[in-house]
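Presented below is the structure to which this report refers.
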Amino acid sequence: MIRLHNVKIPLDYSNSSLLQAAGKKLGCQQGQIVRCEISKKSIDARKKNDVCFVVSLDCTLKNPQDERRLAAKLSPGVGALAAPYAPPAFVRLAHAPALRPVVVGLGPAGLFAALTLAEAGARPIILERGQDVDTRTKDVQAYWEKGQSAFNPGSNVQFGEGGAGTFSDGKLNTGTKDPRGEHILRTFVRFGAPQEILINAKPHIGTDNLRGVVRRMREAIIAAGGDVHFGAQMTQIIRKDGKVSAVVYSDSTGTHELETNQVILAIGHSARDTFSMLHESAFSLEQKPFSIGARIEHPQALINRAQYGDFARHPALGAADYKLALHLPSGRSVYTFCMCPGGSVVASASEPDSVVTNGMSCFARDLENANSALLVGVGPEDFGSAHPLAGMFLQREIERKAFVLGGRCGRAPAQLAGDLLAGKASRRLGSVRASYRPGVVPCDLSELFPAYIVDSMREALPLLGRRLRGFDLPDAVLTGPETRSSSPVRIPRGEDLQSIDARGLYPCGEGAGYAGGITSAAVDGVRCAEAVLASLGIDATA
Ligand SMILES: Cc1cc2nc3c(=O)[nH]c(=O)nc-3n(C[C@H](O)[C@H](O)[C@H](O)COP(=O)(O)OP(=O)(O)OC[C@H]3O[C@@H](n4cnc5c(N)ncnc54)[C@H](O)[C@@H]3O)c2cc1C
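Here the sequence shown stands for residues 3 to 544, where the numbers follow this note's numbering.
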């Protein structure tokens, strides 16, 4: 097979235009090509009057010798012979370990760690403090409809089966170059995610598909010998001679102790009581930079026009996305994060009397607004104390202030971009409808955030408006606070992925400070599972 790169094709391409393009690149007759398929696809919208797709094509020729001869003539950037994808061959244990490994948390990191362990025959025990995805979906919907009165601290957008990313756009693009990334995507497809995620340069699953995918993954873990406990919060890690010897968890039936010598700690960035427990139990924790800001919302049609120009309504394009970043003279970085085309701003708190925002889209991305987090980088110098959890305390303080500004009922404070730029409070919203449920309260966000956050946003907005026409639309709605962009702490681990404070403990995923996003958390989960299997004397991918 020959993989051709950077092949430009029109938006309304057909199989024959693919063959034509491939024949031209290879310098051969179309008749010699027996298979020609798109393996990667991205949108090239640099020229607004000539928006097209740029694809990689996998081609098989009738005669393998022709294939080798033509491939040899191609320069690396144009194409080369390529081997079809080979899935990692995980080795199965002859028999389950006497002490079963424990996975704490069933977000992407825990889910992929548990699946890897279960399918290798290690019979993992999974503790998830939240509920299964179906129960959780009801709990979250109730909170979005009724606000604080229906808030459930144990089952919400941060806690429960599938973890933080379940109610998300399910964007899977990641900065990690780890070869396990392909395995993650293919595993999502194996459990029902749309095939397109294997081809699109910016793959997304959509929250509507993600819920089924995580349920089916859980069923596969159980079928392979794993045990999954919901409503089971890990409350203590017991050490003996510097090694993990057991974990304690509590659920509706009481407190239980589980003897084990392998624990994958995949608790996410919002497990504040667990971070406090680790600190009080003398586990090392380090402050870690993260970002704070607000969700900014625009009409999706405006973003489509800005990104696709004359092609804004072309059916092959769908809702446009954007990614913006800049460094201010003050040294602060301001950037957009977790952009959700055709989606909504969602209430994402995990503690009572607090308000937190994030974003979500369904696979179709067909709602009227686009949103992203407009974030400002913050670091230990802003936390005001050397306490390892000072960043977490700053998050909490802002979230509680937002609850008060929102009227103490779960509504969120919001301000128009135009009013923020003018330095005045908003009294009402304009042409853009705020999608945050249960609703927003127009106000002045400088009553919510430290001055360096609002000043940085004010300085950045017009500059970003020059990069993306309309980004600084006066009626754009800023709803806040977005405080959970990543973990405020890191749990130190060594090269072998084990905690520096306890052998057999594997701090894992976003909460531990080793991932940012669904795919990189899942990759870290697989790495930690491989490390556990290696310690059981098994080279997982031999
Ligand atoms: C609304 C929203 C939208 C997002 N959109 C995207 C997106 O489109 N693309 C993307 O890449 N990323 C997105 N993210 C970020 C992404 O979800 C996270 O990076 C990812 O989920 C981190 O995975 P994780 O497994 O490390 O932790 P988490 O997903 O946070 O999972 C941790 C799990 O551990 C459980 N837990 C915590 N403490 C305990 C305990 N003591 N005992 C038992 N269980 C415990 C929690 O209940 C939780 O289920 C989004 C996040 C949110 C909140």
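Just so you know, even glycine gets a beta-carbon here, dropped at the ideal spot from N, CA and C.
Quantities reported herein were computed from a predicted structural model and do not represent experimental measurements.
* ligand 1 heavy atom lying under 7 angstroms from the CB of ASP253 -> Result no, Cβ not under 7 angstroms from ligand 1.
* Would you list the residues sitting across from HIS300 in a DSSP beta bridge? => Note: HIS300 sits in a beta bridge opposite ALA372.
* Asked: By the 10 Å Cβ neighbour count, where 16 or more other Cβ atoms means buried, how is ASN371 classified, buried or exposed?
  -> ASN371 comes out buried.
* Going by beta carbon distance, what residues of the same chain come within less than 6 angstroms of LEU396, once the five residues before and after it are set aside? -> Non-local beta-carbon contacts of LEU396 in its own chain, meaning distances under 6 angstroms to residues more than five positions away in sequence, involve PHE385 in chain order.
* Can you tell me which of the three DSSP states ARG315 falls into? => In the displayed model, ARG315 falls within coil according to three-state DSSP, outside both helix and strand.
* Asked: At what residues does the alpha helix (DSSP H) containing ALA191 begin and finish?
  -> In the sequence on display, residue 191 carries Val and not Ala. VAL191: member of the alpha helix (DSSP H) spanning 182 to 192, first to last residue.
* Exposed or buried, ILE269, counting other C-beta atoms within 10 Å across all chains shown (16 or more means buried)? -> Buried, because 16 or more other Cβ atoms sit within 10 Å of the Cβ of ILE269.
* Asked: If GLY506 and VAL265 are in contact, beta carbons under 8 angstroms, what's the gap, nearest whole angstrom?
  -> Rounded, the Cβ-Cβ distance is 6 angstroms, consistent with contact.
* Asked: Between the C-alpha atoms of VAL443 and TYR324, what's the straight-line distance to the nearest angstrom?
  -> So the alpha carbons of these two residues sit roughly 27 angstroms apart.
* Rank GLY233, ASP68 and PRO343 by C-alpha distance to the C-alpha of ILE35 and give the top, closest one. => Of GLY233, ASP68 and PRO343, the residue nearest in Cα terms is ASP68.
* Asked: Taking the continuous alpha helix (DSSP H) assigned at ARG217, which residues delimit it?
  -> It spans 209 to 225 - the alpha helix (DSSP H) in which ARG217 sits, taken as one unbroken run.
* Cβ pair ASP474, VAL434 closer than 8 angstroms -> Contact flag unset, no.
* To do: Run the proximity test for THR139: is its beta-carbon closer than 7 angstroms to any non-hydrogen atom belonging to ligand 1?
  => THR139: no, Cβ never under 7 angstroms from ligand 1.
* Helix, strand or coil: how does DSSP classify CYS530 here? -> Here CYS530 sits in helix by DSSP.
* GLY194 versus GLY167: straight-line alpha-carbon distance, rounded -> So the alpha carbons of these two residues sit roughly 17 angstroms apart.
* Just the C-alpha distance for HIS271 and VAL479, rounded to the nearest angstrom, thanks. => Spanning the two alpha carbons is a distance of roughly 26 angstroms.
* First through last residue of the alpha helix (DSSP H) which encompasses LYS140 -> Counting along the chain, LYS140 sits inside the alpha helix (DSSP H) bounded by residues 135 to 148.
* To do: Could you tell me whether the Cβ of ARG297 comes closer than 8 angstroms to any Cβ of chain C?
  => In the structure shown, chain C cannot be found, because there is only a single protein chain.
* Assumed close pair GLY344, ALA318 - CB separation to whole angstroms, cut-off 8 angstroms -> Rounded, the Cβ-Cβ distance is 15 angstroms, inconsistent with contact.
* Less than 8 angstroms separating the beta-carbons of GLU130 and PHE292? -> No, they are not a contact pair.
* Start-to-end residues for the alpha helix (DSSP H) that takes in ILE502 -> No alpha helix (DSSP H) holds ILE502; DSSP gives it neither H nor E.
* Asked: Would the C-beta of LYS173 count as close to ligand 1, meaning under 7 angstroms from any of its heavy atoms?
  -> Taking 7 angstroms as the cut-off, the C-beta of LYS173 counts as close to a heavy atom of ligand 1.
* To do: Could you check what DSSP says for ALA327 in three-state terms: helix, strand or coil?
  => If DSSP states are grouped into helix, strand and coil, ALA327 belongs with the strands.
* Opposite GLN235 in the DSSP bridges: which residues? -> Note: GLN235 sits in a beta bridge opposite SER252.
* Just checking, does the region 511 to 524 make contact with the region 481 to 491 on the three C-beta pairs under 8 angstroms criterion? -> Contact annotation: the region 511 to 524 touches the region 481 to 491, with at least three C-beta pairs closer than 8 angstroms.
* **CYS340 Cβ short of 7 angstroms to ligand 1 heavy atom set** => Yes.
* Three-pair Cβ contact test at 8 angstroms for the region 422 to 431 versus the region 448 to 465 -> At 8 angstroms Cβ cutoff, the stretches touch.
* Residues of its chain near ARG471, where Cβ-Cβ distance is below 6 angstroms and the 5 sequence neighbours each way are ignored -> Closer than 6 angstroms at Cβ, skipping near neighbours: ALA308.
* What residue range is occupied by the uninterrupted beta strand (DSSP E) comprising ASP46? -> Taken as a continuous stretch (DSSP letters only), the beta strand (DSSP E) holding ASP46 covers 35 to 46.
* Span separating the alpha-carbon of LEU538 from that of ASN263 -> Roughly 11 angstroms separates the two Cα atoms.
* ARG188 vs GLY162 beta-carbon contact at 8 angstroms -> Not in contact: ARG188 and GLY162 (Cβ atoms no closer than 8 angstroms).
* Asked: Beta carbon of GLN264: closer than 7 angstroms to some heavy atom of ligand 1?
  -> Distances from the CB of GLN264 to the heavy atoms of ligand 1 are all 7 angstroms or more.
* To do: Closer than 7 angstroms by C-beta to SER18: which residues in its own chain qualify, once you throw out the five before and the five after it? Chain order, please.
  => Nothing listed; no residue qualifies.
* Put ASP406 into one of helix, strand or coil per three-state DSSP. => A small fix is needed here, since residue 406 is Val in this sequence, not Asp. In the structure shown, VAL406 falls within a helical segment according to DSSP collapsed to helix, strand and coil.
* **Distance, LYS204 Cα to ALA120 Cα** => Linking ALA120 to LYS204 through their CA atoms gives a straight-line distance of about 30 angstroms.
* Asked: Who does LEU495 pair with in a DSSP beta bridge?
  -> At residue 495 the sequence reads Arg, which differs from the Leu that was named. Answer by DSSP bridge pairing, in chain order: SER501.
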